[in-house]
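Asker: I'd like to ask you about the structure that follows.
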Amino acid sequence: NAGVTQTPKFQVLKTGQSMTLQCAQDMNHNSMYWYRQDPGMGLRLIYYSASEGTTDKGEVPNGYNVSRLNKREFSLRLESAAPSQTSVYFCASSEGIRAGRRETQYFGPGTRLLVL
Amino acid sequence: GEDVEQSLFLSVREGDSSVINCTYTDSSSTYLYWYKQEPGAGLQLLTYIFSNMDMKQDQRLTVLLNKKDKHLSLRIADTQTGDSAIYFCAESSPDYKLSFGAGTTVTVRA
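Protein sequences, first through last, are from chains A and B.
Going by the working numbering, the first residue of the first sequence is number -11, and it counts up by one from there.
Going by the working numbering, the first residue of the second sequence is number 16, and it counts up by one from there.
Take a look at the structure:
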């Protein structure tokens, strides 16, 4: 039981290049999330998927796209990378977004991305 | 997140108690959380408190919630070197996603 896994761990891109960050969870969770972490700003939600087949924008979606490939996998794509997208990206999952219920989110180890 | 505020740094001597403070703005938050991030790792849930509680204790951890002032604190008793990490406060937003503070970096000195 690996929990939440992310690939790659590190990536260096040139401005304008594209790439996809992969995330998978083996906890049979319904909801998945992508965050970015920048110094002094905590975690900001980029996109989330409340359930398989649905995706919604979070706080900072510009410059990103996502795909909920199946219940296990949720990918984040940068179509044309910019230096402002240099960050640490975290994927998380939870049982499901349900009103009034505690939703513990479980996090992956992160992907460190540098855009030159 | 702009709605959750924490001080950025805390230095504490080994064996002393650490207190990390957080303020939030959403009075409708159902749950409030504390996450811990060790260097190079993802976030790990430490503890949480339901909004109708004032206090929760879990071994060395004590969470205090002042709902009137929208103030949350995490006290770590007998702080150890393994407690050095970044601690994030988070509130559940009305649509039950999480809003995080900027994180408090706790440094434990011998």
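Positions of the beta carbon are idealized from the N, C-alpha and C atoms, including for glycine.
#1: Where does B/Gln95 fall in DSSP's three states?
#2: Determine the closest residue to B/Thr94 out of B/Thr122, B/Lys85, B/Lys82, with distance taken between C-alpha atoms.
#3: Should B/Thr119 go down as buried or exposed, given a rule of 16 or more other Cβ atoms within 10 Å for buried?
#4: For B/Leu113, count the other beta carbons within 10 Å of its own beta carbon; 16 or more makes it buried, fewer makes it exposed. Which is it?
#5: Exposed or buried, what is B/Gln74 when buried is set at 16 or more other beta-carbons lying within 10 Å of its beta-carbon?
#6: Name, in chain order, the residues that DSSP records as bridge partners for A/Val48.
#7: Can you give me the C-alpha to C-alpha distance between A/Ala70 and B/Glu29, rounded to a whole angstrom?
#8: Closer than 7 Å by beta-carbon distance: list the chain A residues that pair up with B/Phe115, in chain order.
#9: Using a Cβ cut-off of 8 Å (strictly closer), state whether B/Ala56 contacts chain A.
#10: Between which two residues does the beta strand (DSSP E) containing A/Arg56 stretch?
Answerer: Checking against the coordinates, here is how it stands:
#1: coil
#2: B/Thr122
#3: buried
#4: buried
#5: exposed
#6: Paired residues: none, contrary to the question.
#7: 42 Å
#8: Gly30, Leu31
#9: yes
#10: 53 to 56
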